[in-house]
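**Student:**
Protein chains: 2
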Amino acid sequence: MAGTAPTKGRGGMSDQRRHRLRLDVSREASRLFWAQGVDATSGDQIAEAVGLSTRTIWRHFRSKESCAEPIVMRGVEWEMSTLRSWPPQLSLEVHFAAESSKFGREASDVERMDTELAIKMIRLADTEPAIRTAWLMACDQVEREMAEIIAGRLGLPAEDLDVRVHAAAASAALRVLNEHIGAAILEGTDPRDFADAPARIARAVRAATGGAVGDPVTT
Amino acid sequence: MAGTAPTKGRGGMSDQRRHRLRLDVSREASRLFWAQGVDATSGDQIAEAVGLSTRTIWRHFRSKESCAEPIVMRGVEWEMSTLRSWPPQLSLEVHFAAESSKFGREASDVERMDTELAIKMIRLADTEPAIRTAWLMACDQVEREMAEIIAGRLGLPAEDLDVRVHAAAASAALRVLNEHIGAAILEGTDPRDFADAPARIARAVRAATGGAVGDPVTT
DNA sequence: TGAAAGGATGGCATTTAGTGACGCCAATGA
DNA sequence: TCATTGGCGTCACTAAATGCCATCCTTTCA
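The structure is reproduced here in structure tokens:
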């Protein structure tokens, strides 16, 4: 998703630039959170690390803990875009496997480092309630995306109760697997040992939706 | 901690008293949150409403928003205890229906008022991120309880990955239905219109676990 | 029954997250 | 060129949250 880089800055320096600025702050904040803990990290420290005034930090983030949000969100961005690009005629297993191997081959170094930071933040969420909020917010985004995709596949509105229930169940299953895999990687498990992860995820999503989501759709 | 000292005995606020105090504070705080919004409610206000000093409030709650936690937790306590009391030989549908009708008959006024407050807090969680944290924490508790129950039914340890995935999916489905029913009740829908709620919940849990959880268990 | 002990509370000072107000400066546009 | 705009920094300030200490209340034991 990040292949586009050069020649930006057109028109106003707003949306994209703002996003990148938030990401820069988030990287430094996450690094500090991981190194010293959340409580031991002050807004002033984050500001100094990223080379901005404290006031500017608060202009871009509602709270200290929310500084972790962009990085955490990056950790689920792959899943979000994978869901978004799921063609109706493919099964979830096939699509996930293909996208996963593509990520393994094509991911940039920055993407890998951000992913690693995201995993650390998810780990921190275990013990730091403040960070847990950010993680759950990201999961909430995944759930909404999931609702859209499921609604499309089932030919129902995204507000339909069954769709929402399926989306919640599927994204919850996805969350647990994410936490599990992330924890294992931090423990030192070789990421290659998770070659079957896409299949496992697909299977979990299929099961969590009672089999309603996973098969190819023929309209 | 060397030697088994008389941990009870003298001094020390009993767990029960502490719990009741937190609940009292939570009732007032929730009432204020609902009436004026979270931001407009100060710690001093909560303290005055409950007749304690502000300092004491901070002794019993880590943060302002966490004052809502006990009430929100009460909103899921029924489900937790219902899950805990689920006999192996009953199907989920039958047990939930029985417990639900029992609650309708036997719930005290205080319980009903607390439940109403909890529903309001869950509603607030839609727009107030601070309260959403409390709601998601409560859902997390339900998920852990669910994992215990599922583990017992499936004869697996609660840490088993499949068990955790099933628990996450099931409790997420439960969460969405809770939010849906709560929102409808606040809109003025007659609670009697939700007579089929237990069946619906049971069905959703069964579906979310891929059918693995719901049937009677014969050991 | 009267200390003694120890936790619970309140008051005060202090730190820190977060906001408001104002001014500066760079980029844009006529 | 000047005026506008918008991001940023500085200062002042509100409110959340913690530490410290004096006090109160309760339980236990002599």
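Protein chains in written order, with UniProt numbering: chain A, 1 to 219; chain B, 1 to 219.
Just so it is clear, CB atoms sit at the ideal spot from N, CA and C, and this is done for glycine as well.
#1: Quick one: is A/W135 buried, meaning 16 or more other Cβ sit within 10 Å of its Cβ, or exposed?
#2: Please check if any C-beta of chain A sits within less than 8 Å of the C-beta of B/V165.
#3: As a quick exercise: from B/A167, B/L124, B/I149 and B/R132, pick the residue whose alpha carbon is nearest that of B/G210.
#4: Determine the direct distance from the alpha carbon of A/S91 to that of A/D215, and round the result to whole angstroms.
#5: Of all the options A/A208, A/L21 and A/L32, which has the alpha carbon lying nearest to the alpha carbon of A/A118?
#6: Expressed to the nearest angstrom, what Euclidean distance is found between the alpha-carbon atoms of A/T41 and A/E116?
#7: Suppose you measure from the CA of B/V38 to the CA of B/A183; what does that come to, to the nearest Å?
#8: Could you check if A/L124 is buried or exposed, using at least 16 other CB atoms within 10 Å of its CB as the buried criterion?
#9: To the nearest angstrom, how far is the alpha carbon of A/I131 from that of A/M73?
#10: Helix, strand or coil: how does DSSP classify B/W86 here?
#11: Rounded to whole angstroms, what is the Cα-Cα separation between A/T133 and B/A195?
#12: Taking the alpha-carbon positions, what's the A/L83 to B/D15 distance?
#13: Is the CB of A/T133 under 8 Å away from at least one CB in chain B?
#14: If you draw a straight line from the alpha carbon of B/R55 to that of A/A151, how long is it in whole angstroms?
#15: Whose CA, out of A/E69, A/R144 and A/E128, lies closest to the CA of A/S81?
#16: What is the DSSP secondary structure of A/F61, reduced to helix, strand or coil?
#17: If we define contact as Cβ-Cβ less than 8 Å, is A/G104 a contact residue for chain B?
#18: If you draw a straight line from the C-alpha of B/D44 to the C-alpha of B/A29, how long is it?
#19: Which residues, in order along the stretch 198-212 of chain A, keep a beta-carbon less than 7 Å from a beta-carbon of chain B?
**Tutor:** Looking at the atomic coordinates:
#1: Under this definition A/W135 is a buried residue.
#2: Yes, its Cβ sits closer than 8 Å to a Cβ of chain A.
#3: For B/G210, the nearest C-alpha among the options comes from B/A167.
#4: Straight-line Cα distance between these residues: approximately 5 Å.
#5: When A/A208, A/L21 and A/L32 are compared, the shortest CA-CA separation from A/A118 is found for A/L32.
#6: As the crow flies, the alpha-carbon of A/T41 is around 20 Å from that of A/E116.
#7: Distance between the alpha carbons of B/V38 and B/A183 is about 19 Å.
#8: Per the 10 Å Cβ criterion, buried.
#9: Rounded to whole angstroms, the gap between the alpha carbons of A/I131 and A/M73 is 12 Å.
#10: For B/W86, the three-state secondary structure derived from DSSP is coil.
#11: Their Cα atoms are separated by approximately 34 Å.
#12: So the alpha carbons of these two residues sit roughly 47 Å apart.
#13: Interface residue, yes.
#14: Cα-Cα distance, rounded: 50 Å.
#15: A check of alpha carbon separations from A/S81 across A/E69, A/R144 and A/E128 identifies A/R144 as the nearest.
#16: DSSP places A/F61 outside both helix and strand once states are collapsed to three, so it counts as coil.
#17: Not one beta carbon of chain B lies nearer than 8 Å to the beta carbon of A/G104.
#18: Inter-residue distance for B/D44 and B/A29 is about 11 Å (C-alpha atoms, whole angstroms).
#19: From the stretch 198-212 of chain A, only A204, A207, A208 and G210 have a Cβ closer than 7 Å to chain B.
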